[in-house]
Every structure is written in structure tokens, then in C-alpha cells.
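Chain order of the listed sequences is A and B.
The opening residue of the first sequence carries number 1 in my numbering; numbering runs sequentially from there.
The opening residue of the second sequence carries number 1001 in my numbering; numbering runs sequentially from there.
Built from N, CA and C at the ideal position, the CB exists for glycine as well.
Note that the coordinates shown come from a computational prediction; the quantities given were computed from them, not determined experimentally.
Number of protein chains: 2
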Amino acid sequence: MARAATTTDAFNAVAEPRRREILEVLVGGEQPVNDLVRRLGLAQPQVSKHLRVLREVGAVDVREDGRRRLYRLNGEALRPMHDWLRQFERSWSERFDALDRVLDDLKQKEPGDGAGDE
Amino acid sequence: MARAATTTDAFNAVAEPRRREILEVLVGGEQPVNDLVRRLGLAQPQVSKHLRVLREVGAVDVREDGRRRLYRLNGEALRPMHDWLRQFERSWSERFDALDRVLDDLKQKEPGDGAGDE
DNA sequence: TTGACGTATTCCCATATCGACATGTAAGCT
DNA sequence: AGCTTACATGTCGATATGGGAATACGTCAA
């Protein structure tokens, strides 16, 4: 048995620095592959492969535009990581206890809102 | 070139599910290796190796107690991940905009407070 | 059609991984 | 001393990786 596939989940996909960079760029909005290639200074095939991984874990979406592919960020896929990390917040900041309550408070003020669908 | 070493950073270390489990258990407090072995149902050598990786990225600390080694969580090492993920929060919840302001507010109300104890 | 462009896919290879098993080492007990 | 317990480390093998280079598409322009 070897290491888990990078496409197993967001944790594995994002372990690769280049892939993180790609996502960072995409925060700025939809981008065609070529733009990513230039921004990252990587070879096009490499970028395409990284994008494939990100696609497979759902971290990005593609849209066809002629012969170009526009990639867009889909942060939803990163949410599990963020949620997982929350249980450790206390470890580096006790004051987050207070924050927790602020959050709960906010959530209760907007019941039925998008917070928990799907 | 192959995949980056698991000891490169927290991102890589935590990509492994077992390692995540270990950290989850340690949230409950210091534990000797053997307890982790039982809880995770893994072979002892495997656990020790995973702990080594977690140690190298600073996610856990060890303390010697006779012939036992007590491992303790050090969430500090996971903070960079959490921080990195923050830039994507907006992507899955617009309402975090408001939260951002609440946070800033809290920080300003407690200048010089525990925020940076270390 | 021919050709250029934008991407995706395939092949090759050096490397690091994780689990299983064996061994090493230090601490504690009798 | 000898034995056992608690961990750590080493070796082996199967596997997936990520970059490079080549190639296969699909689309648009002449």
C-alpha cells in the first residue's frame, strides 16, 4: 500500500503547493488554463494535471468557452478542511471560545438561511 | 521528482487520514503511544511513524514518562492551514463578510490581550 | 483543407510513501 | 541478571506521485 491518492479528498489535493497556488489565483476569479500557466510559471501539461486533481475533489469547476476552458474556484470542497481544523482552534487561541458564541448567535439570528443546506 | 515529503509542512502531514485521527484523539489530552495504538487499531510501529511525522511538522509534542512517551497536541502547527483556508471562506458563505467585521471588532476591543501569548 | 492555438492525455522515471514484519533500545519488575 | 513492557527504527514491496517531453484532440482562422 502506498500513500492515498491525491484525488481522495481535499486534504490530499491541497497538500501540493502548486495546487494551492492555483486555488489562490482562482480566488481572483475565473481563469483560462493558459493564464494559470503564465502566472504559475509551470508547463501547461502540469497545470492541466493539477487542475484535473482539483476537479476530481470538486475544488474547481470548468466551463467551456470555445477552445478554452475557464476554471473557477469552488470553495465548498475546502469547507470540510476548515471544519476539521476548527476543533483545534482552541489549542492556539483560548479566546475563540468567545467567538464560538458569537457565531452561534449569528446563526440563530438568521434561521433557515443558507448556512446548512447540503 | 516525486510527491513532497509528508514532513514538508502541516498540509502534507495531515493529508494522511490516520494522522488526522491521531490528532483528533489528542484533542482529548495527552496520550501514551499504546493508548493511541489501541484506539486507532493500528500496529504500534505505524503509530510511532505517524507520530514522528507529526512531531517533525510540530503538530505534536512529546514528554517522557518512564518508559512511556506522552504525546500532546500542538495546534499551533495547524494554524497556517486554517489561515490559508480563510481566504476561501467567502466562497462558501457570503455571510462571513459580516463575521470578519465582528472579529476585527473583537480584536480591537482587547488590544494587547492574550491574542499573542506563546 | 491546412494550420495554428488551447488543453488534455500518455509515457517514462526518480522518489517518497505506508503497511507488515523484524529488530533495537531503554525502563521497570522479580 | 533475565524477562517483559513501551517505543523507535530499519527493511522490503507495492503503489502513486509530479515533472518533462511527446502526442492527441477540438476549435478557430485563412
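If you draw a straight line from the Cα of GLU16 (chain A) to the Cα of PRO80 (chain A), it is about 17 Å long. Counting along the chain, LEU1023 (chain B) sits inside the alpha helix (DSSP H) bounded by residues 1017 to 1027. Each of B:ARG1067, B:ALA1004, B:THR1008 was checked against the Cα of ARG1055 (chain B), and the nearest Cα belongs to B:THR1008.
Here LEU1042 (chain B) is not bridged, per DSSP, to any residue. The three-state secondary structure of GLU1089 (chain B), taken from DSSP, is helix. Close CB contacts of ALA1077 (chain B) within its chain, under the 7 Å cut and outside five residues either way in sequence, are with ALA1010, VAL1057, GLY1058, ALA1059 (chain order). Counting along the chain, ARG1072 (chain B) sits inside the beta strand (DSSP E) bounded by residues 1068 to 1073.
Put simply, the backbone Cα of LEU1036 (chain B) is about 30 Å away from that of ALA1002 (chain B). Close to SER91 (chain A), with beta-carbon spacing below 8 Å, are these residues of chain B in chain order: VAL1027, LEU1073, ASN1074, GLY1075, GLU1076, LEU1078.
Under DSSP, VAL60 (chain A) forms a beta bridge with A:LEU73. With fewer than 16 other CB atoms across the displayed protein chains lying within 10 angstroms of its CB, ARG86 (chain A) is exposed. In the three-state scheme derived from DSSP, where H, G and I count as helix and E and B as strand, ASP1083 (chain B) is classed as helix. Separation of GLN31 (chain A) and SER93 (chain A) (C-alpha to C-alpha, rounded to the nearest whole angstrom) is 36 Å. Distance from ARG63 (chain A) to LEU70 (chain A) at the Cβ level is roughly 5 Å; contact confirmed, criterion being Cβ atoms closer than 8 Å. Using a CB distance cut-off of 9 Å, ARG63 (chain A) does not count as an interface residue toward chain B. Between VAL1033 (chain B) and the set B:ASP1065, B:ASN1012, B:ALA1004, the nearest pair of CA atoms involves B:ASP1065.
The beta carbon of ASP1061 (chain B) sits closer than 6 Å to the beta carbons of ARG1072, ASN1074 from its chain, once the five residues preceding and following it are set aside; these are given in chain order. For the stretch 2 to 29 of chain A, the residues whose beta carbon sits under 9 Å from a beta carbon of chain B are, in order, ARG3, ALA4, THR6, THR8, ASP9, PHE11, ASN12, ALA13, VAL14, ALA15, GLU16, PRO17, ARG20, LEU23, GLU24, VAL27. In the three-state DSSP reduction, ASP1065 (chain B) falls in the strand class (E or B).
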